[in-house]
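**Student:** Provided herewith is a single structure, encoded as structure tokens, for subsequent inquiry.
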Amino acid sequence: MSIGNENTSDDLALDVTVVCYNSVGDIESALEPIKTMGNLGKIIVIDHGQDGSGQHAKSLGAEVVISEANLGFGSGQNRAFQSVSKPYTLILNPDARVEGNSVEGAISFLENHPKVACCQGVIINSQSGDPERSQGILIKPVHLWGRAFSLKRLLAFSLVRKMASTIKPLSDHVERIPNKPIEVQSLAFVAVLMRTEAFKSVGGFDEGYFLYGEDLDLCKRLALKGWDIVALPGIWATHFGGKSSENSWNREFEWWHGTLRYAQTYWKKSDIYISIIPTLVTGLLLGMKRPSEFIKVVKTLLFETLLVCQSKELQK
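Per my numbering, the sequence shown starts with residue 23, numbered consecutively.
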């Protein structure tokens, strides 16, 4: 696979979709680099918040839809795609800033590789300056164990990093910059360039996900449909990250909620059973940090997971 930028015709134009939630402080820096693209169709912003993000985006030239309720990222993107008319769509987070002409060059890449549904380059974390884990394999039980027990901290040790790089489920935590375009199982949707046809061929995002997990699910369904997913080399965007879910407790709860929904849908029963201990540990910790939400946490994270295990047992 190679990247080129020789095709810049109107046929290769793209639309941009953004879902906002109280993102007024970010939206301008997200949209300004996009507005300079010569092949830009329109920018479609779905505003789920109440801080005026949508009105500010409208003043910058975006087509804006104000939603009275926050129905989640996937629901907002599906609504935005109803207005998409170009063959390619940049699915952009409001807290991401695209770098240079990376997206324009990637349009030609998709044009030259018709089996590729979507692609994304290297995402840089604004605080650390390091590459984020924005591509790799689909999530597995080992990732839940690692998150529950904060095992990622061990990657600070060079020996652990070297060992992790040789283990397929962990290597993408270490090797975050590909030296060429590579096929991957999933992308973290920060600034993903999507072939519009591919998105619509699988019915868009599953709106049962609220904030996390919908990108894993979409990538899984794209692959099942025969599409390829590609990670590109080179700096793609800077991610300022994490403001949509307001605080760390909400982020952690929604991450586990979305991830477990994905697991319940696609994992085999034994993998779900393996994940019960880290799920229980996380549920107890979240419940202790916010006692008023304890019943909600137990029901959502643990009880529903056990019900799925029972259901899979009955299906045998």
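For glycine and all other residues, C-beta sits at the position ideal for the given N, C-alpha and C.
Note that this is a predicted model, so its numbers are computed, not measured.
Locate the beta strand (DSSP E) running through Gln77, then write down its first and last residues.
**Tutor:** For Gln77, there is no enclosing beta strand (DSSP E); the residue is part of the alpha helix (DSSP H) that begins and ends at Ser75 to Ser81.
**Student:** Put Gln157 into one of helix, strand or coil per three-state DSSP.
**Tutor:** Gln157 falls in the strand class under three-state DSSP.
**Student:** Is Glu219 helix, strand or coil when you go by DSSP?
**Tutor:** The answer is helix: DSSP assigns Glu219 an H, G or I state.
**Student:** Return the CA-CA distance between Pro203 and Lys311, expressed in angstroms with no decimal places.
**Tutor:** 42 angstroms
**Student:** Just to confirm my understanding: we take His279, look at its own chain, exclude 5 residues before and 5 after, and list those with CB closer than 6 angstroms. What are they?
**Tutor:** Here the set comprises Thr322.
**Student:** With DSSP as the reference, identify every bridge partner of Val38, one or two as the case may be.
**Tutor:** Ile65 and Leu112
**Student:** Which residue marks the beginning of the alpha helix (DSSP H) containing Glu133, and which one marks its end?
**Tutor:** Element bounds for Glu133: Ser124 to Asn134.
**Student:** CA-CA distance, Gly168 and Leu82?
**Tutor:** 42 angstroms
**Student:** Going residue by residue through the region 257-301, where are the continuous beta strand (DSSP E) segments of at least 3 residues, counting only ones entirely within it?
**Tutor:** none
**Student:** When burial is assigned at 16 or more other CB atoms within 10 Å of the CB, is Phe238 buried or exposed?
**Tutor:** Inspection of the sequence shows that residue 238 is occupied by Leu rather than by Phe. Buried, by the Cβ-count rule.
**Student:** Determine the DSSP secondary structure at Thr30, reduced to helix, strand or coil.
**Tutor:** Unreliable positioning characterises Thr30 in this predicted model, as indicated by a pLDDT of 44, which lies under 50. The coordinate reading is nonetheless provided below. Thr30: coil per DSSP, three-state reduction.
**Student:** What's the gap between the Cα of Gly76 and the Cα of Thr260?
**Tutor:** 22 angstroms
**Student:** Rounded to whole angstroms, what is the Cα-Cα separation between Glu50 and Phe232?
**Tutor:** 24 angstroms
**Student:** Between the alpha carbons of Gly96 and Leu177, how many angstroms are there, rounded?
**Tutor:** A direct Cα-to-Cα measurement between Gly96 and Leu177 gives close to 32 angstroms.
**Student:** Thinking C-beta only, is Asp69 closer than 8 angstroms to Phe262?
**Tutor:** no
**Student:** What span of residues does the alpha helix (DSSP H) with Val164 cover, start to end?
**Tutor:** Pro163 to Ala170
**Student:** To the nearest angstrom, report how far apart Ile257 and Ile189 are at their CA atoms.
**Tutor:** 25 angstroms
**Student:** Quick one: grab the DSSP three-state call for Pro255.
**Tutor:** Strand.
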